[in-house]
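Under our numbering, the letters of the sequence shown match residues 196 to 387, in that order. Beta carbons: idealized from backbone N, C-alpha and C, even for Gly. Since we're looking at a predicted model, the values are computed, not measured. These notes are about the structure you will find just below.
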Amino acid sequence: MKIGVLALQGDFLEHQQALDRLVVESCQVRNAAELAGLNGLIIPGGESTVIGKLAQDFALLEPLRTFAKQHAVWGTCAGSIFLSKDVRREQPLLGMMDITVERNAFGRQVDSFEIDLDIPVLRTPTGENPPFHAIFIRAPLIESVGSGVEILSALPDGRVVAARQGHWLATAFHPELTDDDRLHRYFLEMVQ
Ligand code: GLN
């Protein structure tokens, strides 16, 4: 199995390090040719406007959409914004996942926070499921989801922060910045 990490901007290295810990081969993707032979793709956190504009400038939007139709794709934070169908403002998006995202929903950089989340799909066969320590950095919210979208996790007040639609996964936070690899494992199961 080989997983690509979109490496236009943002914390792609941290995703590669998480994949290294799981002994999964990964590579950085900066052009369409580098998508060939990959089994899945992670779009990292960063700045979604920058990721979108670079993808546009490097003629990557259509190749990424074609790839996403056939393969598992996971967007974390800015990546989830880029993967979404709608952010209610003008910026280049892949427009794949049927979610509406509100950017910077919690405020500015100084309003970033960490919180323990319940993510029921991470329960092991023996029933264990400790909370997932989630890091939100000027994070978006998944404001609404389409009918084919499964909500994977929400904040205590019910606001959605993780969702899945078939082979697409979106998390508003940064699992790659912790040493808890359960969401990376979950994504690898989706890839398989
Ligand atoms: N605020 C960024 C955006 O709107 C996302 C931040 C992040 O990826 N940590 O693109």
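Residue i and residue j closer than 7 Å at C-beta
i, j, result
"glycine 199", "valine 224", "yes"
"alanine 213", "glutamate 371", "yes"
"valine 245", "glutamine 204", "yes"
"aspartate 376", "arginine 216", "yes"
"aspartate 206", "proline 258", "no"
"isoleucine 337", "valine 355", "yes"
"isoleucine 332", "serine 307", "yes"
"valine 386", "glycine 270", "no"
"leucine 230", "phenylalanine 253", "no"
"histidine 242", "alanine 202", "Rather than histidine, the amino acid found at residue 242 in this sequence is glutamate. No, the Cβ-Cβ distance between glutamate 242 and alanine 202 is not below 7 Å."
Exposed unless 16 or more other CB atoms sit within 10 angstroms - verdict on residue i
i, result
"serine 339", "exposed"
"serine 342", "exposed"
"valine 282", "buried"
"threonine 319", "exposed"
"methionine 196", "exposed"
"glutamine 211", "buried"
"alanine 357", "buried"
"proline 326", "exposed"
According to DSSP, residues forming a beta bridge with residue i
i, result
"alanine 228", "The partner list for alanine 228 (beta bridge, DSSP) is empty, contrary to what the question assumes."
"arginine 359", "Glu345, Leu364"
"alanine 329", "Ile310"
Contact set for residue i: own chain, Cβ-Cβ below 7 Å, skip 5 residues either direction
i, result
"leucine 278", "Ile238, Val268, Gly270, Leu289, Met291, Met292, Trp363, Ala365"
"isoleucine 314", "Phe327, Leu347, Ser348, Ala357"
Same chain, Cβ closer than 8 Å to residue i, five either side skipped, listed in chain order
i, result
"glutamate 345", "Ala358, Arg359, Gln360"
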